[in-house]
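**Student:**
2 protein chains.
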Amino acid sequence: MSEEVRERLLQEGIRLLREHGYHGTGIQQIASAAGIPKGSFNYYFASKEAFALAVIDRYATRIEEGIRAAYDRSDLPPLARLRAYFDGLLAAIDSAEGEHGCAIGNLLAELGDTNEILGAALSAAWRRIEKRLEPFLLEAQRAGALASEVDPRRIAGLLLSGWEGALIAMRAQRSTLPLEQFLETVFDRLIAAT
Amino acid sequence: MSEEVRERLLQEGIRLLREHGYHGTGIQQIASAAGIPKGSFNYYFASKEAFALAVIDRYATRIEEGIRAAYDRSDLPPLARLRAYFDGLLAAIDSAEGEHGCAIGNLLAELGDTNEILGAALSAAWRRIEKRLEPFLLEAQRAGALASEVDPRRIAGLLLSGWEGALIAMRAQRSTLPLEQFLETVFDRLIAAT
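Top line first, the protein sequences correspond to chains B and H.
Counting from 0, one number per residue, gives the positions in the first sequence under numbering that gives the first Met the number 0.
Counting from 0, one number per residue, gives the positions in the second sequence under numbering that gives the first Met the number 0.
Dropping the structure here:
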């Protein structure tokens with residue numbers, strides 16, 4: 000039962016922190032969303048910061064699982080699987096599930112260099128996600144679909160940072176066009192040209 | 000005198016909102032930074048939201064001025080002037096002046112789709128900055144340094160969103176390497192290849 004409540008707190012935490020940010024989300028709001036009294040929050044987490052650490056870890060794990068599932072499908076060559084992964088994110092955003100951008104990118108923008116503990120957790124989450132993008136590029140390189148002088152780690156980094164930037168542009172333009180244009184530029188021009 | 004205080008509030012507001020975000024910055028903090036009692040804040044601005052609107056406008060104007068100054072220099076061809084502008088931003092970040100990223104990108108990530116009034120102001124600011132990047136590309140196109148089928152507006156959008164993403168990656172990696180790699184990719188590979 001308590002494990003179930005903890006899980007509900009984490010799921011609501013992902014939603015609230017992604018949408019309203021760290022300072023914009025109160026413990027009262029988190030507790031209400033999970034259907035528990037505010038006073039019970041500390042039974043599950045010592046502080047809002049400890050809660051945010053758990054939310055960041057859970058969110059990163061969820062993303063890692065999505066990327067790994069995309070990697071494990073065997074019906075497509077590696078770069079097509081990578082693109083299919085991002086196309087899936089785009090489709091989810093279009094259907095409004097992901098309209099508030101990426102929790103990790105949002106929190107990095109909000110407090111990546113002012114909160115040392117959360118900043119370190121966000122850095123670690125970022126690196127975990129980046130690492131999951133590399134195998135597609137390594138496999139493409141082995142298959143000759145990507146030039147051998149390209150650094151897969153660097154392309155993975157550009158993909159992640161460019162996607163985060165496009166998520167910000169999406170909020171500015173209130174359109175998914177920046178995401179579409181980013182994917183087209185990376186997959187049809189940048190990677191294709193190498 | 001009151002104009003001077005208002006100006007000081009705006010300058011401190013840019014610094015505080017960029018560093019701590021909207022919800023992470025209190026009126027008390029803003030007033031203290033500008034050296035006025037909290038009770039006087041409303042003499043200058045009706046609310047924190049009205050203050051943030053003025054800060055966003057002032058910040059965008061400052062960026063527009065920097066881009067225009069880079070455009071107006073006559074010693075370099077247009078793409079070199081554009082790159083010099085971004086190299087200047089990078090140098091300022093290295094010297095720690097700009098280490099907290101871009102106020103507009105940070106605020107879009109924090110509340111671009113939850114606060115309608117600030118979201119609209121951020122969208123307008125984004126568009127103003129994007130527009131200032133286009134003349135470099137148009138001029139390069141007229142001079143034959145950029146392929147005629149390229150859409151300057153699209154490249155301007157990719158530059159801005161990619162830079163914002165690299166500023167987030169900078170916070171994740173605690174390094175300016177993502178910014179350097181982004182500029183190299185855009186100027187040495189993407190634009191050069193077109």
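Idealized CB from N, CA, C, for every residue including glycine.
Could you give the uninterrupted runs of the alpha helix (DSSP H) lying entirely in the segment 46 to 91 of chain H, keeping only those of 4 residues or more?
**Tutor:** List check, alpha helix (DSSP H) in window: 47 to 71.
**Student:** Using 8 Å as the Cβ pair cut-off and three pairs as the minimum, do the segment 16 to 34 of chain H and the segment 102 to 113 of chain H touch?
**Tutor:** yes
**Student:** Could you tell me whether the Cβ atoms of residue 170 (chain H) and residue 100 (chain B) are closer together than 8 Å?
**Tutor:** Mapped onto the second sequence, residue 170 (chain H) falls at position 171. Mapped onto the first sequence, residue 100 (chain B) falls at position 101. The answer is no: Cβ separation not under 8 Å.
**Student:** Using a Cβ-Cβ cut-off of 7 Å (strictly less than) and excluding sequence neighbours within five positions of residue 37 (chain H), which residues of its own chain qualify?
**Tutor:** The residue labelled residue 37 (chain H) in the question sits at position 38 within the second sequence. Contacts found: 26, 27 and 30.
**Student:** Since residue 196 (chain B) contacts residue 190 (chain B) with CB under 8 Å, what's their CB separation in whole angstroms?
**Tutor:** Because residue 196 (chain B) is not part of the residues shown, which for chain B are 0 to 193, the question remains open.
**Student:** What are the boundary residues of the alpha helix (DSSP H) that includes residue 4 (chain H)?
**Tutor:** As a position in the second sequence, residue 4 (chain H) is number 5, starting the count at 1. First-last of the alpha helix (DSSP H) with residue 4 (chain H): 1 to 19.
**Student:** List the residues of chain H whose Cβ lies closer than 7 Å to the Cβ of residue 161 (chain B), in chain order.
**Tutor:** For the purposes of this step, residue 161 (chain B) is taken as the residue at position 162 of the first sequence. For residue 161 (chain B), the chain H residues whose C-beta falls within less than 7 Å of its own C-beta are 161 and 164, listed in chain order.
**Student:** Hey, out of H:60, H:118 and H:174, whose CA is closest to residue 49 (chain H)'s CA?
**Tutor:** Taking the first residue of the second sequence as 1, we reach residue 49 (chain H) at position 50. That would be H:118, whose Cα lies nearest to the Cα of residue 49 (chain H).
**Student:** Please report the straight-line C-alpha distance between residue 74 (chain B) and residue 66 (chain B), rounded to a whole angstrom.
**Tutor:** Working through the first sequence from its first residue, we reach residue 74 (chain B) at position 75. Working through the first sequence from its first residue, we reach residue 66 (chain B) at position 67. Their backbone Cα atoms lie some 15 Å apart in a straight line.
**Student:** Can you pull out the residues from the segment 179 to 191 of chain H whose beta carbon lies closer than 9 Å to at least one beta carbon of chain B?
**Tutor:** 180, 181, 184, 188 and 189
**Student:** For the pair the segment 80 to 96 of chain H and the segment 84 to 92 of chain B, tell me if three or more CB-CB distances fall below 8 Å.
**Tutor:** As far as the Cβ criterion goes, the segment 80 to 96 of chain H does not touch the segment 84 to 92 of chain B, which means the pair count is below three.
**Student:** Is residue 181 (chain H) closer than 8 Å to residue 160 (chain B) when the C-beta atoms are compared?
**Tutor:** Against the first sequence, residue 160 (chain B) aligns to sequence position 161. Against the second sequence, residue 181 (chain H) aligns to sequence position 182. In this structure, residue 181 (chain H) lies closer than 8 Å to residue 160 (chain B) by Cβ.
**Student:** For the candidate residues H:23, H:22 and H:44, whose alpha-carbon lies nearest to that of residue 8 (chain H)?
**Tutor:** If you number the second sequence from 1, residue 8 (chain H) lands on position 9. Comparing Cα positions, the closest option is H:44.
**Student:** Would you say residue 164 (chain B) and residue 164 (chain H) are within 8 Å of each other, going by their C-beta atoms?
**Tutor:** Your numbering for residue 164 (chain B) matches position 165 in the first sequence. Your numbering for residue 164 (chain H) matches position 165 in the second sequence. Going by C-beta atoms, residue 164 (chain B) is nearer than 8 Å to residue 164 (chain H).
**Student:** Are the CB atoms of residue 158 (chain B) and residue 176 (chain B) within a distance shorter than 8 Å?
**Tutor:** Start at 1 with the first residue of the first sequence, and residue 176 (chain B) comes out as number 177. Start at 1 with the first residue of the first sequence, and residue 158 (chain B) comes out as number 159. Not in contact: residue 176 (chain B) and residue 158 (chain B) (Cβ atoms no closer than 8 Å).
**Student:** Taking 8 Å as the CB-CB cut-off, is residue 122 (chain B) touching chain H?
**Tutor:** Along the first sequence, one-based indexing puts residue 122 (chain B) at 123. At least one chain H Cβ lies under 8 Å of residue 122 (chain B).
**Student:** Taking a cut of 8 Å between CB atoms, which residues from the segment 107 to 120 of chain H lie near chain B?
**Tutor:** Under the 8 Å Cβ criterion, the segment 107 to 120 of chain H contributes 107, 108, 109, 110, 111, 112, 113 and 118.
**Student:** If residue 22 (chain B) and residue 143 (chain H) are in contact, beta carbons under 8 Å, what's the gap, nearest whole angstrom?
**Tutor:** Here residue 22 (chain B) refers to the residue found at position 23 when the first sequence is read from its first residue. Here residue 143 (chain H) refers to the residue found at position 144 when the second sequence is read from its first residue. The pair is not a contact, with the Cβ atoms about 50 Å apart (cut-off 8 Å).
**Student:** What residues from chain B crowd round residue 173 (chain H), counting only those whose CB sits closer than 7 Å?
**Tutor:** Here residue 173 (chain H) refers to the residue found at position 174 of the second sequence. Result: 122.
**Student:** Tell me which residues share the same chain as residue 52 (chain B) and place their Cβ nearer than 6 Å to its Cβ, disregarding the 5 neighbours each side in the sequence.
**Tutor:** Residue 52 (chain B) sits at position 53 when you count from the first residue of the first sequence. Hits under 6 Å: 120.
**Student:** By the criterion of Cβ-Cβ separation under 7 Å, what are the contact partners of residue 90 (chain H) in chain B?
**Tutor:** The residue you call residue 90 (chain H) lines up with position 91 of the second sequence. Correct list: empty, because the minimum Cβ distance to chain B is about 18 Å.
**Student:** Closer than 7 Å, Cβ to Cβ, to anything on chain H: give me those residues from the segment 4 to 24 of chain B, in chain order.
**Tutor:** 18, 19, 20, 22 and 23
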